[in-house]
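Protein chains in written order, with the working numbering: chain A, 1 to 225; chain B, 226 to 450. Cβ coordinates follow ideal geometry from the N, Cα and C atoms, glycine included. Note that this is a predicted model, so its numbers are computed, not measured. Structure record follows, encoded as structure tokens.
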DNA sequence: TTTATGGTTCGACTATGATCGAACTATGAA
DNA sequence: TTCATAGTTCGATCATAGTCGAACCATAAA
């Protein structure tokens, strides 16, 4: 009677079509920007912002601000669990079964995350670079070591003039599908661009999938040892 | 985009405070009447009827009409599962833990279901009466056998004048907590009344719990062999 | 039959909340 | 600095949906 568990408030949050569409898109674990979510839900930026604020307030989503991009993801596993339970009722009602898209594994392996590499291979880059002391520090205070610059030069990335920009070159970004961090920021952007220019990988149109060729992935893994 | 899984419709159904209150009350598995649900949710009969129709349409509730009483219960386990998942988010948000009431086991053992005995002991009555051929038939076509009337007479229930009423004396009622049928209808009502008059059991005030005394339960089980 | 009660339907009122145009803020690039 | 873009805030509009009074239907008891 009084307040109790606010089940109705949470259900109301999920109940709006625009919001449920956003949540469903996020069900695969990705973190998407507000604009991406807006187009996924078929609404304007303003409306999306309105809804995202409510979802944040209700602790259904978490926001990670990286530059001018605001990434939204499901706040915790409980949220995903509840949505799956609701999906269970819905599919029981229609008799249909959910079929997971065939592109899902490819997305988890390598995908573009705004401008850098995410997924298993993205996490691999970060792990290997840290393990070999090419990177030091953590979070937004991550720097490339001299040893790292040597390695980067091998694939054509040169150390920029330190007088031009004092901004940190590296940032880390939590990778939902792997639950670990990968490299983003300017360095992440440069790395991905270089993978493309080296012909190691290309982006599949209309999706976020990054497809490494067999030869490209071999060179990629070789570079990281 | 088009229709997809109607997760938002289902969430909207749960999202209304009146409806979520009803659903929460039904979470223990009982089947309650529209009026009981109305008072539980703090709304009028008309409003409750409006909401219950929507919950029926959405297949969240099932209705079983017995006489002028309409009993509502959760339609299937998936519904309960989804509500529990939503409760999980809600309690995580406030940091509180749900504590299952201590009255829960007592409710499952024996409770009043409108006017007759439900719960484990209610199911036991029906099972034993069927097993000993005191009852024949099923559903709303259940009748007391001659052998049954002998047994009933032992606890003071006599066969009514068959000319007075041609209505079936017995009905069965699905017991949610046990997932099996128990005896309702006029016979169920008479039986429970007799249990009270014999001093075997009494009703705990303010709850639906029926408390059998140790001696009463022994006599009860003895009567049923 | 009459009377009482449980439940639904109808109609009108009301409030909440979703939506978008427009203006504003913040970050990044040149 | 200026320009472009991502995101939020404000304000006004509009529709949906919850609410209850009143009337109606169905069942049961007397």
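**Item:** Closest residue to residue 198/A among 154/A, 187/A, 186/A (Cα-Cα distance)
**Value:** 154/A
**Asked** Taking the beta strand (DSSP E) that residue 290/B falls in, what are its first and last residues?
**Response** For residue 290/B, the uninterrupted beta strand (DSSP E) run begins and ends at 286-291, by DSSP.
**Request:** Assess, as a yes-or-no matter, whether the region 271-282 of chain B is touched by the region 238-245 of chain B under the definition of 3 or more beta carbon pairs within less than 8 Å.
**Result:** Counting Cβ pairs under 8 Å, three or more are found: they touch.
**Request:** Return helix, strand or coil for residue 193/A, following the three-state DSSP convention.
**Result:** DSSP places residue 193/A in helix when its eight states are reduced to three.
**Prompt:** When you compare each of 200/A, 7/A, 170/A, 112/A to residue 186/A by their alpha carbons, which one comes out closest?
**Reply:** Residue 170/A is the option with its Cα nearest to residue 186/A.
**Asked** Distance, Cα to Cα, residue 301/B vs residue 62/A?
**Response** 32 Å
**Request:** Please compile the residues from chain A whose C-beta is within a distance smaller than 9 Å of the C-beta of residue 376/B.
**Result:** In chain order: nothing, as chain A lies at least about 43 Å away.
**Prompt:** By a C-beta neighbour count over all protein chains shown, 10 Å radius and 16 as the cutoff for buried, is residue 88/A buried or exposed?
**Reply:** buried
**Minimum Cβ-Cβ distance from residue 245/B to chain A less than 8 Å** = yes
**residue 232/B versus 436/B, 307/B, 272/B, residue with shortest Cα-Cα distance** = 307/B
**Prompt:** Does the Cβ-Cβ distance between residue 68/A and residue 225/A come in under 8 Å?
**Reply:** No, Cβ-Cβ distance for residue 68/A and residue 225/A is not below 8 Å.
**Prompt:** Out of curiosity, what's the CA-to-CA distance linking residue 350/B and residue 90/A?
**Reply:** 37 Å
**Item:** Neighbourhood of residue 401/B by C-beta, 7 Å cutoff - its chain only, sequence neighbours within 5 removed
**Value:** At residue 401/B, the pLDDT of 47 sits below 50, so the modelled position is not reliable and the matter cannot be decided from this model.
**Asked** When the Cα atoms are used, what is the spatial distance from residue 348/B to residue 447/B?
**Response** Rounded to whole angstroms, the separation of the alpha carbons of residue 447/B and residue 348/B is 16 Å.
**Request:** For the beta strand (DSSP E) containing residue 271/B, list its first residue and its last residue.
**Result:** That residue, residue 271/B, is in no beta strand (DSSP E); its alpha helix (DSSP H) goes 270-282.
**Asked** Can you list, in chain order, the residues of its chain whose CB lies under 7 Å from that of residue 193/A, leaving out five sequence neighbours each side?
**Response** If we look at residue 193/A and ignore the five residues flanking it on each side, it has no Cβ neighbours.
**Asked** According to a CB-to-CB cut-off of less than 7 Å, which residues of the region 7-18 of chain A neighbour chain B?
**Response** 7, 8, 10, 11, 12, 14, 15, 16, 17
**Request:** Quick one: give me the first and last residue of the alpha helix (DSSP H) that residue 19/A is part of.
**Result:** 17-25 is the span of the alpha helix (DSSP H), which, as asked, contains residue 19/A.
**Request:** Going by DSSP, name the residue or residues bridged to residue 144/A.
**Result:** Within the DSSP bridge table, the entry for residue 144/A names 135/A as partners.
**Message:** My output table needs one value for residue 204/A: the three-state DSSP class, helix, strand or coil.
**Reply:** In the three-state scheme derived from DSSP, where H, G and I count as helix and E and B as strand, residue 204/A is classed as coil.
**Prompt:** Leaving out the 5 sequence neighbours to the left and right, which residues in its chain are closer than 8 Å to residue 203/A when beta-carbon positions are compared?
**Reply:** 112, 196, 209, 210, 211
**Request:** Sort 45/A, 70/A, 9/A, 182/A by Cα distance to residue 236/A and report the nearest one.
**Result:** The question about residue 236/A has no answer here: the residues shown for chain A are numbered 1 through 225.
**Item:** N-terminal and C-terminal residue of the beta strand (DSSP E) that residue 198/A is part of
**Value:** No beta strand (DSSP E) contains residue 198/A, which DSSP labels as neither H nor E.
**Message:** For residue 276/B, would you say it is in contact with chain A, using Cβ-to-Cβ distances shorter than 8 Å as the test?
**Reply:** Output row for residue 276/B: interface = no.
**Request:** Grab the span of the alpha helix (DSSP H) containing residue 262/B for me, first residue to last.
**Result:** 259-266
**Asked** Quick one, which of 147/A, 145/A, 190/A has its alpha-carbon nearest residue 247/A's?
**Response** The question about residue 247/A has no answer here: the residues shown for chain A are numbered 1 through 225.
**Prompt:** Would a check of beta-carbon distances place residue 303/B closer than 8 Å to chain A?
**Reply:** yes
**Item:** Cβ neighbours of residue 33/A in the same chain (closer than 8 Å, five flanking residues each side left out)
**Value:** 69, 70, 71, 72, 114
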